[in-house]
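Trainee: Sharing a structure here in structure tokens format.
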Amino acid sequence: MDMSGKLIGINTSILTKSGGSNGIGFAIPSNLVAKYVEQAKSGNLVFVKPWAGIEVQEINQSIANALNMRYPTGLLITEIHPKSEFHHAGLRTGDVILSVQGYEVNSELELYYRLEIRGVGNSASVSFLRSDQKYLAEVSLRDAPNEPVSKLVDVKSNGPFLGSSIAQVNPKFIDDLNLPLKSKGVVLTRVSNLSRRLGLREADIIASINGAEISSVDELLSVNSARIKVWSLDVIRDKRLITIRFAI
């Protein structure tokens, strides 16, 4: 509650050494809770967040100097997905996001908070800096698009992926599985015991098998059912390329 008795946050947890009520409390802002309630009333079982489709970096003094900024403020766009609404609104890599709806954003959390309280289906006014000039863009807010359309496929053929589930990477899976923004190819959404024993994990992106690039679900299914004894998989995991080798 604030000094006027208005609800400003909902308690979620407390950090305490004694186990009592004294300690550091944590809360969700009430205007964000209102968005959760609004979506729940409309029938959503899961909160749908706006998808920015960008990767950003906080501005430090060194970056500010390089960009001829008087002081560090805002967020530098380091990556932008071609299906991002920020991209559609005209923003690009190298731009510095200064504010959303008139509120300064100096961290990734602040940016996403401002977008979330605007909500999917609305738009947000985004102020940004490019080549020493300030611009204002109206960015539409929507959830991560399932484009191109991708569905989960359960692997039923004998092979190292038997029993696992796979899908074509698109913005929806990038958002759901927290994948690198420019991911492409085929991702493991569920890992069977067999695949796990061979070293595979959920959210692994299968880049290639035995030197052959894997760019579609059909390609992976075809290779999986082939009679191969020795396997070499190039896998992208946590933004790193690793190689997994095994014989079956």
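Numbering (our numbering), first residue to last: -11 to 236.
Built from N, CA and C at the ideal position, the CB exists for glycine as well.
(1) What does the Cβ neighbour count give for ASN293, buried or exposed, with the cut at 16 atoms within 10 Å?
(2) Considering only residues of the segment 115 to 175, which uninterrupted alpha helix (DSSP H) runs meet the minimum length of 4 residues and lie entirely inside it, listed in chain order?
(3) Nearest-angstrom Cα distance between PHE172 and VAL205?
(4) Based on the DSSP output, what are the partners of GLY(-3) in its beta bridges?
(5) Give the C-beta separation of THR66 and THR81 to the nearest angstrom, bearing in mind that I take them to be a contact with Cβ-Cβ under 8 Å.
(6) Helix, strand or coil for PHE234? Go by DSSP, reduced to three states.
(7) Please report the distance separating the alpha-carbon of GLU190 from that of VAL179.
(8) Please classify ASP226 as buried or exposed, where buried requires at least 16 other C-beta atoms within 10 Å of its C-beta.
(9) I think ILE232 touches VAL223, with their Cβ atoms under 8 Å apart; what is that distance to the nearest whole Å?
(10) Which of helix, strand or coil does DSSP assign to ILE105?
(11) Out of curiosity, what's the CA-to-CA distance linking LYS273 and ALA40?
(12) When DSSP builds the beta bridges, which residues end up paired with TRP219?
(13) Please go through the same chain and pick out, in chain order, the residues whose beta-carbon is closer than 8 Å to the beta-carbon of ASN181, but skip the five residues on each side of it.
Mentor: On the basis of the supplied data:
(1) As shown, the chain starts at -11 and ends at 236. That puts residue 293 outside it, with no answer to give.
(2) 159 to 164
(3) The question names Phe, but residue 172 in the sequence shown is Lys. Between LYS172 and VAL205, the C-alpha separation is close to 11 Å.
(4) PRO17
(5) 6 Å
(6) strand
(7) 6 Å
(8) exposed
(9) 6 Å
(10) helix
(11) A question about residue 273 goes unanswered here, because the residues of the chain that appear run from -11 up to 236.
(12) PHE234
(13) GLY151
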